[in-house]
Amino acid sequence: MEDVQGSVDTRQIPINRVGIKDIQHPITVLGKDGRRSASIATFSMSVSLPHDQKGTHMSRFIQMLNETETEISAKNFNKMLSSMVERLEAESGYIEMQFPYFIEKTAPVSGVKSLMDYQVNLVGQIEQGHIDATLEVTIPVKSLCPCSKKISEYGAHNQRSHITVGINCSSKLWLDELIKSVEAQASAELFAILKRPDEKYITERAYNNPKFVEDVVRDVADVFDQNDRILRYYVHAENFESIHNHSAFAVVEHDKSV
Numbered sequence: 247m248e249d250v251q252g253s254v255d256t257r258q259i260p261i262n263r264v265g266i267k268d269i270q271h272p273i274t275v276l277g278k279d280g281r282r283s284a285s286i287a288t289f290s291m292s293v294s295l296p297h298d299q300k301g302t303h304m305s306r307f308i309q310m311l312n313e314t315e316t317e318i319s320a321k322n323f324n325k326m327l328s329s330m331v332e333r334l335e336a337e338s339g340y341i342e343m344q345f346p347y348f349i350e351k352t353a354p355v356s357g358v359k360s361l362m363d364y365q366v367n368l369v370g371q372i373e374q375g376h377i378d379a380t381l382e383v384t385i386p387v388k389s390l391c392p393c394s395k396k397i398s399e400y401g402a403h404n405q406r407s408h409i410t411v412g413i414n415c416s417s418k419l420w421l422d423e424l425i426k427s428v429e430a431q432a433s434a435e436l437f438a439i440l441k442r443p444d445e446k447y448i449t450e451r452a453y454n455n456p457k458f459v460e461d462v463v464r465d466v467a468d469v470f471d472q473n474d475r476i477l478r479y480y481v482h483a484e485n486f487e488s489i490h491n492h493s494a495f496a497v498v499e500h501d502k503s504v
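Okay, structure coming up:
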């Protein structure tokens, strides 16, 4: 049959990205302890298209997903990028995949175990054989306002916060390790299940560890600066304020090579 997509286009306009988006596919995420976690990722995949080619072969993206190793690691992700541009005969390509990642956590006093979910976004692009991949994770935590604590006779306003970090690494950095290092910089970490003794512990820990949104991003940045495996990063913290009808946020970005 005639390959219409492979025919010549005469408008002399190259396309930066063309592909598919929001397609779901099962994956397996490898944890630091060798644990394999099943998840479902939402993929967006695209390639460049030269000025003289009418269209790309959309079905090849889906075929590649069904044929590719579904265990997600930095090595496999880079392999997926290389395979995509080779299969679609493109000069550059882009893949973004979003998926929930679960960690079993133990409550600090009762010891009850529960699963916490974290949203992961893995973004990579390849151009002329060079791959640039960023791992982004959103980590929910608890923050307590130092100013409120200082000026109040008792109590202090506190809220749930999201810390979103994006990193580029020179070597392997496990998701569990990254999440744990970020959680430690908040007023307190969160758990899916807490008994009353745990609630007391978390409440008092946050009260004794107040932090502005500025403190949080600086503390996370300090941890990343000391990690030689992290080459480039950004830290975004957002406090969903409990006494205001707005959020407070702060951002730190750093490229260690500059």
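Number 265 in the working numbering belongs to position 19 of the sequence shown; there are no gaps in the numbering.
Using N, Cα and C, we set each Cβ at its ideal position, and we do this for glycine too.
Boundaries of the beta strand (DSSP E) in which residue i is found, first to last residue
i: residue 439; result: Run containing residue 439: none; DSSP gives neither H nor E here.
i: residue 336; result: Neither: residue 336 is in no beta strand (DSSP E) and is coded neither H nor E.
i: residue 359; result: 359-373
i: residue 494; result: 493-501
i: residue 412; result: 404-415
i: residue 267; result: 261-276
i: residue 478; result: 476-486
i: residue 286; result: 282-295
For residue j and residue i, believed in contact at Cβ under 8 angstroms, the rounded distance
i: residue 483; j: residue 463; result: 5 angstroms
i: residue 408; j: residue 488; result: Wrong, their Cβ atoms sit about 14 angstroms apart, outside the cutoff.
i: residue 418; j: residue 320; result: 6 angstroms
i: residue 269; j: residue 289; result: 5 angstroms
i: residue 380; j: residue 412; result: 5 angstroms
i: residue 428; j: residue 466; result: 6 angstroms
Outcome for residue i when other beta-carbon atoms lying within 10 angstroms are tallied against a minimum of 16
i: residue 254; result: exposed
i: residue 340; result: buried
i: residue 448; result: buried
i: residue 434; result: buried
i: residue 485; result: buried
i: residue 416; result: exposed
i: residue 317; result: exposed
i: residue 387; result: buried
i: residue 391; result: buried
i: residue 405; result: buried
i: residue 273; result: buried
i: residue 292; result: buried
i: residue 366; result: buried
i: residue 504; result: exposed
i: residue 311; result: buried
i: residue 389; result: buried
i: residue 294; result: buried
Unbroken alpha helix (DSSP H) run spanning residue i, endpoints
i: residue 237; result: Given that the chain is displayed from residue 247 to residue 504, the structure contains no residue 237 and the question cannot be resolved.
i: residue 331; result: 320-333
i: residue 306; result: 304-313
i: residue 424; result: 421-429
i: residue 393; result: 392-397
Option nearest residue i by Cα separation, candidates the options
i: residue 301; options: 334, 278, 356 and 273; result: 334
i: residue 478; options: 451, 414, 420 and 467; result: 414
i: residue 385; options: 295, 430, 355 and 360; result: 430
i: residue 348; options: 262, 426 and 310; result: 426
i: residue 354; options: 450, 469 and 394; result: 450
i: residue 338; options: 363, 371 and 307; result: 371
i: residue 307; options: 343, 324 and 266; result: 266
i: residue 481; options: 397, 310, 469 and 297; result: 469
i: residue 424; options: 298, 383 and 312; result: 383
i: residue 420; options: 276, 263 and 257; result: 276
i: residue 309; options: 344, 271, 437 and 492; result: 271
i: residue 474; options: 454, 501 and 491; result: 501
i: residue 394; options: 453, 410, 471 and 322; result: 453
i: residue 344; options: 363, 350 and 352; result: 363
i: residue 455; options: 396, 490 and 323; result: 396
i: residue 278; options: 323, 422, 305 and 325; result: 422
i: residue 298; options: 256, 436 and 359; result: 256
Any non-hydrogen atom of the ligand ATP closer than 7 angstroms to residue i Cβ
i: residue 306; result: The ligand content of the structure shown is nil, which means the ligand ATP is not present either.
**Message:** Count Cβ pairs between the stretch 326-340 and the stretch 271-285 that sit closer than 8 angstroms; are there 3 or more?
**Reply:** no
**Inter-stretch contact (C-beta, 8 angstroms, three-pair minimum) for the stretch 366-380 and the stretch 435-445** = no
**Prompt:** Taking one C-beta from the stretch 458-472 and one from the stretch 489-502 each time, how about it: are there three or more such pairs within less than 8 angstroms?
**Reply:** yes
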